[in-house]
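Engineer: Chains as they are written, first to last, in my numbering: chain A, 141 to 253; chain B, 2 to 823. Glycine residues also receive a C-beta, built at the ideal position from the N, C-alpha and C atoms. Given the structure is predicted, the values throughout are model-derived calculations rather than measurements.
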Amino acid sequence: MSTILERPWVDVCALTDIPQRGARRIAGASGPIAVFRTGDDEVFALVDRCPHKQGPLSMGIVHGTSVTCPLHGRNVDLASGQLMGADAGQGCAPRIEVRVVGGRIELAAEALR
Amino acid sequence: MQNEAREKLIVIGNGMAGCRAVEEVLKRDPDRYEIVIFGAEPHVNYNRIMLSPVLAGEKRFAEIILNDQAWYTDNNITLHTSCAVTAIDTATRTVFAEGGVAERYDRLILATGSDAVRLPLPGADLQGVITFRDLSDVEAMVKASAIDGGRAVVIGGGLLGLEAAYGLARRGMKATVVHLLDILMERQVDASASHLLTEALKERGVETVLGAQSEEIVGRDGHVTALQLKDGRTLPCDIVVMAVGIRPNVRLAKVSGLAIARGIVVDDTMRTSDPAVFAVGECAEHRGQCYGLVAPIWEMCRALAGTLTGGDETYAGSVVSTRLKVSGVDVFSAGRFAGGDGCEDIVYRDAGRGVYKRIVLENGRIAGTVLFGDAVDGSWYFDLMRAGADVSDIRETLVFGQAATEGLRGLDPSAAVAAMADDAEVCGCNGICKGAITTAITAKKLTSLDSVRAVTKASASCGTCTPLVEKLLRLTAGDSVLEHKGPKPLCPCTHCGHGLVRKRIVEQGLQSIPAVMQAMEWTTPDGCASCRPALNYYLLCAWPGLYRDDAQSRFVNERVHANIQKDGTYSVVPRMWGGMTSSKELRAIADVVDRFNIPAVKVTGGQRIDLLGVHKEQLPAVWAELNAAGMVSGHAYGKALRTVKTCVGSEWCRFGTQDSTGLGVKLERLLWGSWTPAKVKLAVSGCPRNCAEATCKDIGVVCVDSGYEIHIGGAAGLHIKGTELLTKVRGERDTIEMIAAILQLYREEGFYLERVYKWMDRVGIASIAARVADDAAGRNALFERFMEAQRFSQDDPWAARAAGHDASEFQGLGAPLRVAAE
Numbered sequence: 141m142s143t144i145l146e147r148p149w150v151d152v153c154a155l156t157d158i159p160q161r162g163a164r165r166i167a168g169a170s171g172p173i174a175v176f177r178t179g180d181d182e183v184f185a186l187v188d189r190c191p192h193k194q195g196p197l198s199m200g201i202v203h204g205t206s207v208t209c210p211l212h213g214r215n216v217d218l219a220s221g222q223l224m225g226a227d228a229g230q231g232c233a234p235r236i237e238v239r240v241v242g243g244r245i246e247l248a249a250e251a252l253r
Numbered sequence: 002m003q004n005e006a007r008e009k010l011i012v013i014g015n016g017m018a019g020c021r022a023v024e025e026v027l028k029r030d031p032d033r034y035e036i037v038i039f040g041a042e043p044h045v046n047y048n049r050i051m052l053s054p055v056l057a058g059e060k061r062f063a064e065i066i067l068n069d070q071a072w073y074t075d076n077n078i079t080l081h082t083s084c085a086v087t088a089i090d091t092a093t094r095t096v097f098a099e100g101g102v103a104e105r106y107d108r109l110i111l112a113t114g115s116d117a118v119r120l121p122l123p124g125a126d127l128q129g130v131i132t133f134r135d136l137s138d139v140e141a142m143v144k145a146s147a148i149d150g151g152r153a154v155v156i157g158g159g160l161l162g163l164e165a166a167y168g169l170a171r172r173g174m175k176a177t178v179v180h181l182l183d184i185l186m187e188r189q190v191d192a193s194a195s196h197l198l199t200e201a202l203k204e205r206g207v208e209t210v211l212g213a214q215s216e217e218i219v220g221r222d223g224h225v226t227a228l229q230l231k232d233g234r235t236l237p238c239d240i241v242v243m244a245v246g247i248r249p250n251v252r253l254a255k256v257s258g259l260a261i262a263r264g265i266v267v268d269d270t271m272r273t274s275d276p277a278v279f280a281v282g283e284c285a286e287h288r289g290q291c292y293g294l295v296a297p298i299w300e301m302c303r304a305l306a307g308t309l310t311g312g313d314e315t316y317a318g319s320v321v322s323t324r325l326k327v328s329g330v331d332v333f334s335a336g337r338f339a340g341g342d343g344c345e346d347i348v349y350r351d352a353g354r355g356v357y358k359r360i361v362l363e364n365g366r367i368a369g370t371v372l373f374g375d376a377v378d379g380s381w382y383f384d385l386m387r388a389g390a391d392v393s394d395i396r397e398t399l400v401f402g403q404a405a406t407e408g409l410r411g412l413d414p415s416a417a418v419a420a421m422a423d424d425a426e427v428c429g430c431n432g433i434c435k436g437a438i439t440t441a442i443t444a445k446k447l448t449s450l451d452s453v454r455a456v457t458k459a460s461a462s463c464g465t466c467t468p469l470v471e472k473l474l475r476l477t478a479g480d481s482v483l484e485h486k487g488p489k490p491l492c493p494c495t496h497c498g499h500g501l502v503r504k505r506i507v508e509q510g511l512q513s514i515p516a517v518m519q520a521m522e523w524t525t526p527d528g529c530a531s532c533r534p535a536l537n538y539y540l541l542c543a544w545p546g547l548y549r550d551d552a553q554s555r556f557v558n559e560r561v562h563a564n565i566q567k568d569g570t571y572s573v574v575p576r577m578w579g580g581m582t583s584s585k586e587l588r589a590i591a592d593v594v595d596r597f598n599i600p601a602v603k604v605t606g607g608q609r610i611d612l613l614g615v616h617k618e619q620l621p622a623v624w625a626e627l628n629a630a631g632m633v634s635g636h637a638y639g640k641a642l643r644t645v646k647t648c649v650g651s652e653w654c655r656f657g658t659q660d661s662t663g664l665g666v667k668l669e670r671l672l673w674g675s676w677t678p679a680k681v682k683l684a685v686s687g688c689p690r691n692c693a694e695a696t697c698k699d700i701g702v703v704c705v706d707s708g709y710e711i712h713i714g715g716a717a718g719l720h721i722k723g724t725e726l727l728t729k730v731r732g733e734r735d736t737i738e739m740i741a742a743i744l745q746l747y748r749e750e751g752f753y754l755e756r757v758y759k760w761m762d763r764v765g766i767a768s769i770a771a772r773v774a775d776d777a778a779g780r781n782a783l784f785e786r787f788m789e790a791q792r793f794s795q796d797d798p799w800a801a802r803a804a805g806h807d808a809s810e811f812q813g814l815g816a817p818l819r820v821a822a823e
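(1) Output, in sequence order along the chain, the residues in the segment 212-239 of chain A whose CB is closer than 8 Å to any CB in chain B.
(2) Can you tell me which residues form a DSSP beta bridge with B/Lys646?
(3) Quick one: what's B/Ser215 bridged to in DSSP?
(4) Taking B/Glu140 as part of the beta strand (DSSP E), name the residues at either end of that continuous run.
(5) Contact criterion: CB-CB distance below 8 Å. Does B/Lys827 meet it with respect to chain A?
(6) Is the shortest distance between the beta-carbon of B/Leu160 and the beta-carbons of chain A less than 8 Å?
(7) Take B/Ala176 and list the residues in its own chain whose beta-carbon comes closer than 6 Å to its own, dropping the five residues that flank it on each side.
(8) Nearest-angstrom Cα distance between B/Val12 and B/Arg134?
(9) For a test of the three-state rule: what should DSSP assign to B/His485, helix, strand or coil?
(10) If distances are taken between C-alpha atoms only, which option among B/Cys704, B/Lys680, B/Ala679 comes closest to B/Trp687?
(11) Output, in chain order, the set of chain B residues within a Cβ distance shorter than 7 Å of A/His203.
(12) DSSP three-state label for B/Ala285, please.
(13) Could you list which residues in chain B have their beta carbon closer than 7 Å to that of A/Val183, in chain order?
(14) Does any CB atom of chain A fall closer than 8 Å to the CB of B/Asp550?
(15) Are there 16 or more other CB atoms within 10 angstroms of the CB of B/Ile438, so buried, or fewer, so exposed?
(16) If you count every other CB in all the chains shown that lies within 10 Å of the CB of B/Lys326, and 16 or more means buried, which is it?
(17) Select from the segment 613-643 of chain B all residues with a C-beta closer than 9 Å to any C-beta belonging to chain A, and list them in chain order.
(18) Under 8 Å, do B/Lys680 and B/Arg643 count as touching if we go by C-beta distance?
(19) Listing by chain order, which chain A residues have their CB less than 8 Å from the CB of B/Gln553?
(20) What does B/Val245 touch in chain A if you count any residue whose Cβ is under 7 Å from its own?
(21) Can you list the residues of chain B that A/Val187 reaches, using a CB-CB cut of under 7 Å?
(22) Taking any Cβ of chain A, which residues in the segment 285-296 of chain B have a Cβ under 8 Å from it, in chain order?
(23) So for A/Ala154, helix, strand or coil by DSSP?
(24) Among B/Ala693, B/Thr658, B/Ala22, B/Ala625, whose alpha-carbon lies nearest the alpha-carbon of B/Thr647?
(25) What does B/Glu187 touch in chain A if you count any residue whose Cβ is under 7 Å from its own?
(26) What residues match up with B/Tyr357 in a beta bridge as DSSP calls it?
(27) According to DSSP, is A/Met199 part of a helix, a strand, or is it coil?
(28) Going by alpha carbons, who is nearest to B/Gly892 out of B/Val210, B/His224, B/Met521?
(29) With a 10 Å radius around its C-beta and 16 neighbouring C-beta atoms as the bar for buried, classify A/Gln222 as buried or exposed.
(30) Please check if any C-beta of chain A sits within less than 8 Å of the C-beta of B/Asp183.
(31) DSSP has B/His224 in a bridge; who is on the other side?
(32) Is there contact between the segment 534-548 of chain B and the segment 351-366 of chain B, where contact requires at least three CB pairs shorter than 8 Å?
(33) Jot down the residue ranges of each uninterrupted alpha helix (DSSP H) in the segment 147-179 of chain B, minimum 4 residues, whole runs only, in chain order.
(34) Between B/Ala519 and B/His196, is the Cβ-Cβ spacing less than 8 Å?
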């Protein structure tokens with residue numbers, strides 16, 4: 141049996157603290173982090189900076205598993221942080237490790253330190 | 002192998018898992034064990050999943066018995082009913098039961114199942130509070146339903162809760178389901194299917210209250226009388242059924258010293274921490290997972306029987322699927338129905354039949370599915386999913402099901418429509434079958450939906466068969482027919498244009514975003530950033546006071562009631578009625594600027610003061626101060642009435658012909674707060690010198706000696722466009738009514754983001770004049786509808802938010818609460 145050393149996680153909020161198809165923002169080690177909840181209750185976290193012109197993705201409209209930046213309408217894939225559609229490959233909002241345990245959202249501790 | 006002294010196998014739990022485990026053992030080696038079963042309930046083993054149909058009166062108890070008395074006798078099984086085991090001594094391998102019974106075992110199976118969770122609400126111990134777990138619960142519910150006009154509240158909108166509510170409704174009770182989340186059966190279905198489910202339940206007499214938290218069960222003389230919700234609502238009722246989930250029953254295992262997590266921990270051979278003790282069913286926890294469904298339990302029983310008879314079957318966990326047992330409502334769900342990282346969705350909706358299907362693919366394989374309304378292919382998808390079959394080749398027809406895929410392989414995705422018989426009815430309202438439509442298309446060379454409607458009447462009434470008629474038109478006359486001729490689709494999620502969407506919302510009484518998406522066969526699960534704000538506006542406009550605004554379908558500016566800037570800060574513009582202000586207001590603005598260190602203050606083109614660089618978290622406090630000085634939101638951020646710009650008019654100006662400032666203030670006080678398809682700016686000039694620049698506004702008034710000229714359709718932004726004169730009115734009061742009517746017509750007809758001048762270009766100024774200026778009755782009706790809508794929109798969004806509404810929107814998540822131990 142191998143021992144897997146898991147990263148430490150930090151509890152940030154309950155799943156229900158974020159509206160469905162919505163997002164909230166938390167201070168991270170290198171700038172704000174956007175935590176998203178989709179209509180299907182999936183949770184994603186990205187550095188809260190659009191790859192296009194640094195818009196706050198946490199304030200965009202969430203649809204399916206993507207978010208539309210409020211500044212210039214660029215679509216960002218929540219799972220990868222990549223720009224989508226015609227802008228694909230033009231940049232990426234870094235992903236933050238996130239998980240949901242028993243209805244609570246936890247972020248990788250290293251992203252918050 | 003038959004021994005004189007057989008090993009003794011004791012099973013604790015006479016339920017589905019315990020008995021199935023025994024059956025599996027008998028099947029493999031009928032003579033190996035002497036078998037003893039202990040059951041806490043007084044019955045033989047019955048099919049617990051079929052309790053819902055028993056409750057609904059669709060089955061009798063006798064029909065759901067799985068193992069009758071003869072089975073126990075024939076297989077030489079000793080059965081102790083109503084005999085709860087109280088302790089196990091694993092050292093001496095002895096079980097102790099009520100009534101002083103003690104029996105030794107060689108192998109022991111724990112199949113203690115699970116208990117219904119009871120919410121620890123005040124009043125939870127009142128009479129009439131029931132869970133839904135076993136036959137005695139069903140009996141209690143059946144008894145309660147005998148009261149004439151009885152009312153039942155079911156807490157929990159999961160599978161069991163819905164089945165309970167349906168059963169009670171079938172028995173004549175008025176049943177209401179109260180669910181904590183906004184989605185019913187959220188662990189099995191997505192928002193679209195939940196919406197259809199809500200509707201289907203309503204048709205079957207079950208009301209649903211979503212997003213509602215229970216606070217207290219109220220009673221009188223020891224018996225329940227109502228459920229009190231956190232939001233203050235009270236639901237009177239005679240019984241409360243708690244269906245909020247199950248918890249593995251681990252009491253016995255715990256006191257006997259076996260390893261417990263959520264359930265009794267077992268390995269792949271179903272063995273617990275004691276080598277002679279096994280656990281199976283809902284009480285067991287395997288690889289961190291507890292199951293509450295029957296299929297995994299059968300799989301566990303097979304692995305367990307293998308272990309007990311020297312076979313090498315093991316259990317590796319289950320992929321589960323769920324089906325709702327409510328007559329006439331087909332719901333099927335399996336796997337990761339919600340998609341996710343690297344997944345793609347295939348969504349199919351058939352509004353006419355109330356069908357919604359969503360298949361989630363990952364790397365060419367099915368990762369999950371949700372089916373509503375037509376779930377016959379559920380097991381086929383489930384088999385493909387479990388087998389990990391590559392479905393890339395059948396992708397095109399996959400969503401149409403097994404018959405279409407296997408029978409019509411290689412045909413295009415419209416195969417299902419093509420395969421319809423000629424005498425299959427397409428339009429139910431007018432009784433038009435497929436053959437009549439295709440014949441008409443060919444014979445009369447029809448190329449548009451309207452012409453098909455005109456000739457055949459198909460889809461000309463309620464319109465729900467429109468998509469099917471369009472598919473027939475494409476199939477018969479060629480794909481190109483509709484591609485270039487129809488109106489531009491609202492967005493890539495739909496083939497419908499704005500006009501059709503608006504029309505259908507009103508005609509079909511669609512009152513929510515999921516309802517529109519289903520009825521108009523959206524191809525995405527929850528739309529996109531283009532269609533959601535549009536639908537939110539259309540619904541708000543069509544159903545004032547009824548439709549609940551969806552904040553998550555609004556652009557951030559309209560959600561936070563301020564204007565986002567390039568650095569993520571916001572600008573705040575207080576309303577200044579008609580451009581008038583006072584020393585008191587200016588002083589309050591100055592104080593706010595100082596107190597919050599607002600970096601920039603600017604005078605706008607619409608005669609307002611703009612405070613720039615306010616942080617989102619500061620907004621409620623900034624508004625509270627502006628509110629205190631009597632100022633409200635200026636809506637400078639919305640698709641809404643922005644400003645009414647005025648000149649000083651006859652009050653001061655030596656050329657002024659009318660009181661333009663006064664009229665501007667009156668207009669703004671009447672029109673503010675209304676949501677519109679795009680932003681709306683007005684101006685009132687006191688004379689034809691037009692200092693308020695009224696002739697480049699959406700609606701402009703130019704005062705003249707003999708009255709008021711009303712101009713519309715100007716713009717001075719991306720496009721520069723002078724207004725056109727719509728009409729001239731004599732009195733101030735008539736002017737105000739006329740303008741409100743124009744605005745209402747625009748609200749009802751404009752496409753989302755279509756400015757007034759574009760709307761005017763599309764419908765023609767003559768058409769607007771005919772309905773507003775020349776038709777007094779029509780104008781009056783428009784005015785009345787506008788005033789009705791204003792009843793629900795003229796509350797200051799700033800005041801509400803300063804008082805705490807939507808507070809989470811303005812706060813970041815706080816400091817981390819705790820480090821998860823791991």
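Structural biologist: Straight from the coordinates:
(1) Gly213, Asn215, Ala219, Ser220
(2) B/Ala684
(3) B/Leu230
(4) Element bounds for B/Glu140: not the beta strand (DSSP E) but the alpha helix (DSSP H), 136-145.
(5) As shown, chain B starts at 2 and ends at 823. That puts residue 827 of chain B outside it, with no answer to give.
(6) no
(7) Ala153, Ala166, Leu169, Ala170, Val207
(8) 21 Å
(9) Confidence is the limiting factor: at B/His485 the pLDDT is only 45, short of 50, which leaves the residue's position unreliable and the question unanswerable from this model.
(10) Rather than Trp, the amino acid found at residue 687 of chain B in this sequence is Gly. Nearest C-alpha to B/Gly687: B/Cys704.
(11) Asp527, Gly528, Cys529, Ala530, Arg533
(12) strand
(13) Neighbours of A/Val183 on chain B: none; closest Cβ ~10 Å, over 7 Å.
(14) no
(15) buried
(16) buried
(17) Lys617
(18) yes
(19) Pro159, Gln160, Arg161, Gly162, Ile201, Val202
(20) In chain order: nothing, as chain A lies at least about 13 Å away.
(21) Near A/Val187 there are no residues of chain B at all, since even the closest Cβ is about 13 Å away, more than 7 Å.
(22) none
(23) strand
(24) B/Ala693
(25) Asp181
(26) B/Arg350, B/Phe373
(27) helix
(28) Coverage of chain B is limited to positions 2 through 823, which leaves residue 892 of chain B absent and any answer about it impossible.
(29) buried
(30) yes
(31) B/Gln128, B/Arg221
(32) no
(33) 160-171
(34) This sequence places Gln at residue 519 of chain B; Ala is not what is there. Taking 8 Å as the Cβ cut-off, B/Gln519 and B/His196 qualify as a contacting pair.
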